[in-house]
Amino acid sequence: MMYIWRIKHCNMKMRLFLSIIFTTCAINQLNAQMWRSELYPANWKSSQDKTFYSDMLIQDFSYAGYHRGEKEIPSDFKTVMDVTKSPYNADNTGKEDVTSVLQRAIDDAGSVKGGCVVYLPEGIYKVSVTTGKSYCLILAHSNIVLKGAGAEKTFILNSSAAMRSKAIVRIAPANSSPPLVQGKQLITKDLLSPSMIVPVQSTNGFKPGDMVLISNEIDNEWITEHHMLKYWKDMGRQLGGQKYYREIVKVNSASNELTIDIPIRYTLKMAQKAGVSIAPAMLREVGIENLSIGNKEISEEGDWTEESYKIRENPSYQSHDSWAIAMEKVSNGWIRRVASYCPAGNSSQAHLLSNGIKVSQTKNISIIECNFKKPQYGGGGGNGYMYRIMGNETLIKDCVAEFSRHGFVLSGMTASGNVFLNCLDKDSGWQTGTTGNEKTSGSGSDHHMHFSHSNLFDRCTVENSFFAAGWRKWGGSAIHGITGAHSVYWSLRSNGTQAYAVQTQQGRYGYVIGTSGNKPDVCTLAWEPGTEWITDPVDFVEGKGKGEDLDPQSLYLDQCNRRLRSNVPLRR
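For the sequence shown, the residue numbers in mature numbering (1 follows the signal peptide of the UniProt record, and there is no 0) are -26 to -1, 1 to 546.
(1) Looking at C-beta atoms only, is the number of pairs between the region 157 to 170 and the region 123 to 132 that lie closer than 8 Å three or more?
(2) Since I130 is in the beta strand (DSSP E), which residue starts that stretch and which ends it?
(3) Just the Cα atoms here: how many angstroms apart are S189 and P503?
(4) Taking the beta strand (DSSP E) that L538 falls in, what are its first and last residues?
(5) So what does E221 bridge to, in DSSP terms?
(6) Does DSSP classify T233 as helix, strand or coil?
(7) Could you check what DSSP says for R239 in three-state terms: helix, strand or coil?
(8) Starting from W464 and walking both ways along the beta strand (DSSP E), at which residues does that stretch end?
(9) Note down, in chain order, each residue of its chain lying with its Cβ closer than 7 Å to the Cβ of Y27, except the 5 sequence neighbours on either side.
(10) Are there any heavy atoms of the ligand FAD lying less than 7 Å away from the beta-carbon of G519, as far as the coordinates show?
(11) Rounded to whole angstroms, what's the CA-CA distance from R144 to T489? Just pull it up for me.
(12) At what residues does the alpha helix (DSSP H) containing G210 begin and finish?
(13) Would you tell me roughly how many angstroms separate the C-alpha atoms of I112 and S402, rounded to the nearest one?
(14) Please confirm whether Y37 and I236 have their CB atoms less than 8 Å apart.
(15) Quick check on the burial criterion: 16 or more other C-beta atoms within 10 angstroms. Buried or exposed for A473?
(16) If I follow the unbroken alpha helix (DSSP H) through E195, where does it start and stop?
(17) List the residues that DSSP assigns as beta-bridge partners of P349.
(18) What whole-angstrom Cβ distance do T408 and E275 have, given they're in contact under 8 Å?
(19) Would you identify the three-state DSSP class for P289, choosing helix, strand or coil?
(20) Give the secondary structure of A318 by DSSP, where H, G and I count as helix, E and B as strand, and everything else as coil.
(21) May I ask you to report which of helix, strand or coil DSSP gives M244?
(22) In chain order, what residues of the same chain have a beta carbon less than 8 Å from the beta carbon of Q527, not counting five sequence neighbours either side?
(23) Whole angstroms is fine: what's the gap from T58's alpha carbon to N469's?
(24) Applying the 10 Å Cβ sphere with the 16-neighbour rule, what's the burial state of R539?
(25) Whose CA, out of I487, R536 and Y359, lies closest to the CA of D523?
(26) Under the rule that 16 or more other beta-carbon atoms within 10 Å means buried, what is V515, buried or exposed?
(27) Hey, out of A475, Q480, R446 and W448, whose CA is closest to G458's CA?
(28) So, for R536: in the same chain, excluding its five sequence neighbours on each side, which residues have a beta-carbon less than 6 Å away from its beta-carbon?
(29) Nearest-angstrom Cα distance between A135 and S385?
(30) Is it buried or exposed, T67, if we count other Cβ atoms within 10 angstroms and call 16 or more buried?
(31) So, with DSSP's three-state summary, where would you put P526?
(32) Cβ atoms of G124 and N264: under 8 Å apart, would you say?
(33) Could you please give the first and the last residue of the uninterrupted alpha helix (DSSP H) stretch that includes S251?
(34) Which of helix, strand or coil does DSSP assign to G356?
(35) Which residue marks the beginning of the beta strand (DSSP E) containing L111, and which one marks its end?
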């Protein structure tokens, strides 16, 4: 008490002096507790001298998200179409089906020069699947935004129960069938590192600004190099191959080299016919925001178990592979402040029939402040996933997955360069079924199948769930097998009932750097005994239980600041 009195009654200069001393001591104490990863020193730079096959390396993940984080998502467009006003006059009470009215407004917006917002004011908008369609609504033009008044005010209600392999909202070009790759220029040198310069046979036909697809063909030589010949022999077509959508920054015709905007994410070899071609047409500057989406439940009795979706008579058959939002072939798009909700009358409390958001064959998408939960069906074959990422350089930020089979999922070789920042997966391993609480066979947020690689989970949290990048024996004829390589788990929090925060058994190398919470353990053991040799060496683990003192706390944000050379907080 005497000490406090003396500080209180000393003069201003002395108080200032003591304040500085105390602050300095506190900072020094804090700095003494902080630690850096040996793989990410203070002078870290993106390395070109380390190789994917043989070295441990932290890649530059700062390119994820809308326009590589270099631009803000637009807050508005000049033209706004209010669907409740003439000529649309859409009912927003939920009584009338407004599918055709909303689709007409969306199609009209596609012809507006300079872009257009299709605005859904507060209310409930009832939609359904039109016969012969695989969606209720489709955004098939660039420069349009489907926008509500807020996730707690604007609701899209899908009344259709027959949603097998369908989406409530689809965002994709009208003709999005897989294109034939023509004019592919093969690389002339194996690319073993995170390169941004691609040597090709010829640069003819390429120019700065072109969207290109860099791809390879998976053959038995690649499969053998990854110790998977026993499981993936002659299945290269099913695996699909690595695919990197990139923009050309520079063309050097003298040296036949293309400079691209984002590094490649894994080794590309001449032996697998790796090369560059013009990418298929993609939508740009398209988004959906500020609304909620829900699906009327299937109330009929039936089998909701793991394999029940294969039998037409079961209600789960109609739920299988259904999505709230499916985005495909989009560059620089976004899904922002969108949530699922429980429609009135859903006694099971289901929000969705099966899945939430899926992005595939995409580049630089931002998924921001979204919240999806409570699928009615979470069985096998890809059901009950709240976020399924199958594209390049997606930023999933401040998103929540709750009460589902799998919260956040990466699938396939096209899933690379994606960043999950400040996301929460809570209570995985559940579906509502008809009772409201039914366990599913699968759980967790994971690298799910077929060598998704070079992704980052940054400052994320699991509660009664876990992260995983393990070798998996499950799947179809081409089992999931090696599900990840060179992916990073950075400063993760884990609380609840699971035994560990992360299970990691990645091909080549994987990294877990900094964990915290009451379940900070990391499992590097194989889920399937006898497969350890396939993914050797054991993944790199550092700072178990010390994640709260890791410097920097966010790898992604630190790398963004380094690359953009700005101390100004990044705008998303």
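Virtual Cβ for every residue (Gly too), placed ideally from N, Cα, C.
Reading it off the structure:
(1) no
(2) T128 to N132 is the extent of the beta strand (DSSP E) around I130.
(3) In a straight line, the C-alpha of S189 is about 33 Å away from that of P503.
(4) Segment L529 to L538 is the alpha helix (DSSP H) holding L538; no beta strand (DSSP E) there.
(5) Answer is M185.
(6) In the three-state reduction of the DSSP assignment, T233 falls in the strand class.
(7) coil
(8) V462 to N469
(9) Around Y27: L166, T241 and R482.
(10) The ligand FAD is absent from the structure shown, which contains no ligand whatsoever.
(11) 37 Å
(12) G210 to L213
(13) 30 Å
(14) yes
(15) exposed
(16) Note, E195: alpha helix (DSSP H), N194 to E199.
(17) L326
(18) Correct: roughly 7 Å between the Cβ atoms.
(19) helix
(20) coil
(21) helix
(22) Excluding sequence neighbours, Q527 sits near R433 and S465.
(23) 45 Å
(24) exposed
(25) I487
(26) buried
(27) Of the listed residues, the one whose Cα sits closest to G458 is Q480.
(28) none
(29) 26 Å
(30) exposed
(31) coil
(32) yes
(33) Element bounds for S251: not the alpha helix (DSSP H) but the beta strand (DSSP E), G249 to I252.
(34) Here G356 sits in coil by DSSP.
(35) Y109 to L113
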